[in-house]
Amino acid sequence: MKKYIQLLRVQNLLSLVLFQVLIYVGVVMAILSAYNLTISYLSIEIILLLVASVSIAAAGYVVNDYFDTKIDAINKPERVIVGKYVSRKQAAWLFQSLFVIGIGSGITLAILLKDMTAGFIFVVIPGLLWFYSASYKRQFLIGNIIVGLCAATAIFLVGYIQSLLLVKEYGALIHYTSIIPEIFQWVGGFSLFAFLLTVLREMVKDIEDVEGDKEMECRTVPIVWGVAKTKILVYAISVLSLGLLAYFAFFKIQFITDNVTERYFIFGIIMPFLAFFYLLFKAKTKQDYSQISTFLKFMMLIGVLYSVFVYYLFSINF
Numbered sequence: 030m031k032k033y034i035q036l037l038r039v040q041n042l043l044s045l046v047l048f049q050v051l052i053y054v055g056v057v058m059a060i061l062s063a064y065n066l067t068i069s070y071l072s073i074e075i076i077l078l079l080v081a082s083v084s085i086a087a088a089g090y091v092v093n094d095y096f097d098t099k100i101d102a103i104n105k106p107e108r109v110i111v112g113k114y115v116s117r118k119q120a121a122w123l124f125q126s127l128f129v130i131g132i133g134s135g136i137t138l139a140i141l142l143k144d145m146t147a148g149f150i151f152v153v154i155p156g157l158l159w160f161y162s163a164s165y166k167r168q169f170l171i172g173n174i175i176v177g178l179c180a181a182t183a184i185f186l187v188g189y190i191q192s193l194l195l196v197k198e199y200g201a202l203i204h205y206t207s208i209i210p211e212i213f214q215w216v217g218g219f220s221l222f223a224f225l226l227t228v229l230r231e232m233v234k235d236i237e238d239v240e241g242d243k244e245m246e247c248r249t250v251p252i253v254w255g256v257a258k259t260k261i262l263v264y265a266i267s268v269l270s271l272g273l274l275a276y277f278a279f280f281k282i283q284f285i286t287d288n289v290t291e292r293y294f295i296f297g298i299i300m301p302f303l304a305f306f307y308l309l310f311k312a313k314t315k316q317d318y319s320q321i322s323t324f325l326k327f328m329m330l331i332g333v334l335y336s337v338f339v340y341y342l343f344s345i346n347f
């Protein structure tokens with residue numbers, strides 16, 4: 030059982046649920062409360078979204094290990110599970126079952142909301158994860174972008190599904206308000222943050238795994254450009270991320286009473302980024318890059334936790 034928990038990355042799945050719930054309660058519900066709309070905190074649609082998201086993500090982890098046994102035997106021999114503790118046949122059955130549950134839940138959700146786009150998303154994402162594991166992750170930049178898009182989509186879907194629920198409940202009248210645009214603005218900001226941080230983390234992981242990736246003739250950024258140039262690209266994306274976050278913090282987020290945002294940006298975003306820059310500059314060994322990868326997960330958590338303060342800011346301003 031312990032090996033299955035490791036294979037499914039249960040800690041990461043719990044983080045995914047936490048992130049989606051934080052965005053749903055801290056941002057979406059806060060906006061609806063500000064407009065005095067009736068709120069259902071645990072509708073069947075939200076449950077289906079969580080089930081679909083977790084199932085597809087779990088399947089993605091398993092299929093990734095299924096295709097990566099040879100590379101992992103070089104990069105992370107102590108973490109190899111498929112073919113060692115779980116047979117390839119069992120792993121294949123597991124990720125196929127999880128994909129069926131995830132796609133089935135997503136399509137059921139799309140039918141309930143009468144929205145083809147949602148159904149399309151829940152079919153395309155599993156396909157992307159499959160091709161990512163089978164091929165794209167070994168190609169220049171494509172794999173990094175796909176994982177970033179999947180992370181961003183998991184956050185964005187929270188706002189998108191709620192917008193469909195609003196249309197279902199209130200019809201065309203909801204479009205005469207600014208509720209849906211406001212939801213998309215806030216959730217879109219968090220989605221962009223998730224995309225950028227995930228791309229950064231994937232590049233750091235590529236540097237960490239460069240030895241095994243070379244052996245398997247992969248074409249990741251560190252292999253094509255070298256570690257030094259990859260670090261420069263990571264710094265550039267980090268500066269871009271800080272610039273975009275500063276734009277949101279100082280120009281787009283405008284509450285009448287706000288004693289939180291600027292301080293949170295300085296202590297919760299800028300300072301961790303500075304620590305990240307220092308760690309990346311000093312990094313030399315595989316272990317160094319592994320620690321940086323873990324630190325980036327911590328940074329993403331800190332960023333998403335701002336949603337708690339969003340709820341607070343809406344409560345005192347409306």
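In this note's numbering, the protein residues as written are 30 to 347.
We put the beta carbon where it would ideally sit given N, CA and C, even for glycine.
Identity of the residues DSSP links to residue i by a beta bridge
i, result
"V115", "V111"
Residue i versus residue j - alpha carbon distance
i, j, result
"C179", "Y95", "19 Å"
"I171", "L123", "26 Å"
"N65", "V56", "14 Å"
"I285", "I175", "38 Å"
"F128", "S162", "14 Å"
"L61", "L37", "34 Å"
"G177", "V228", "5 Å"
"A366", "L141", "Only positions 30 to 347 of the chain appear in this structure, which leaves residue 366 out of reach."
"G131", "L45", "14 Å"
"I203", "K311", "52 Å"
"T323", "R117", "28 Å"
"V83", "P155", "12 Å"
"E244", "I100", "8 Å"
"G297", "Q119", "42 Å"
"Y114", "A87", "18 Å"
"K143", "S267", "39 Å"
"G241", "Q49", "34 Å"
"V239", "I34", "26 Å"
Exposed unless 16 or more other CB atoms sit within 10 angstroms - verdict on residue i
i, result
"M232", "buried"
"N173", "buried"
"R292", "exposed"
"T259", "buried"
"T146", "exposed"
"V333", "buried"
"G188", "buried"
Any non-hydrogen atom of the ligand ZN closer than 8 Å to residue i Cβ
i, result
"M58", "This structure does not include the ligand ZN; it has no bound ligands of any sort."
Entirely enclosed alpha helix (DSSP H) segments - the segment 117-145, minimum 4 residues:
Annotation note: the segment 117-145 contains the following uninterrupted alpha helix (DSSP H) runs of length 4 or greater, listed N- to C-terminal: 117-142.
Practice prompt. Could you say if the segment 203-211 and the segment 102-114 meet the contact criterion of at least three C-beta pairs nearer than 8 Å?
Written response: They do not touch, by the three-pair rule.
Quiz item: Contact between the segment 130-138 and the segment 150-157: three or more CB pairs below 8 Å?
Solution: Yes: the two stretches touch, three or more of their Cβ pairs being nearer than 8 Å.
Practice prompt. Please confirm if the segment 42-62 is in contact with the segment 76-91, defined as three or more CB-CB distances below 8 Å between the two stretches.
Written response: Contact holds: three or more Cβ-Cβ distances are below 8 Å.
For this session: For the segment 323-335 and the segment 295-308, state whether three or more C-beta atom pairs, one from each stretch, are separated by less than 8 Å.
Result: As far as the Cβ criterion goes, the segment 323-335 touches the segment 295-308, which means the pair count is three or higher.
Can you find at least 3 beta carbon pairs, one from the segment 215-222 and one from the segment 264-283, that sit closer than 8 Å?
Yes, since at least three Cβ pairs between the segment 215-222 and the segment 264-283 fall closer than 8 Å, the two stretches touch.
Q. Taking three-plus beta-carbon pairs below 8 Å as touching, is the segment 230-244 in contact with the segment 318-325?
A. With a cut-off of 8 Å, the segment 318-325 and the segment 230-244 count as touching, because enough Cβ pairs lie within range.
Query raised in the report: Are three or more beta carbon pairs between the segment 85-92 and the segment 38-50 nearer than 8 Å?
Result: Three or more pairs of CB atoms, one per stretch, sit closer than 8 Å, so the segment 85-92 contacts the segment 38-50.
Checklist line | Those runs of the beta strand (DSSP E) which lie wholly inside the segment 195-258 and span at least 3 residues | finding: Under the rule that a run must span 3 or more residues, no beta strand (DSSP E) segment is found entirely inside the segment 195-258.
_Which runs of the alpha helix (DSSP H) at least 4 residues long sit entirely within the segment 257-322? Give them in chain order._
Whole alpha helix (DSSP H) segments, 4+ residues: 290-293 and 300-311.
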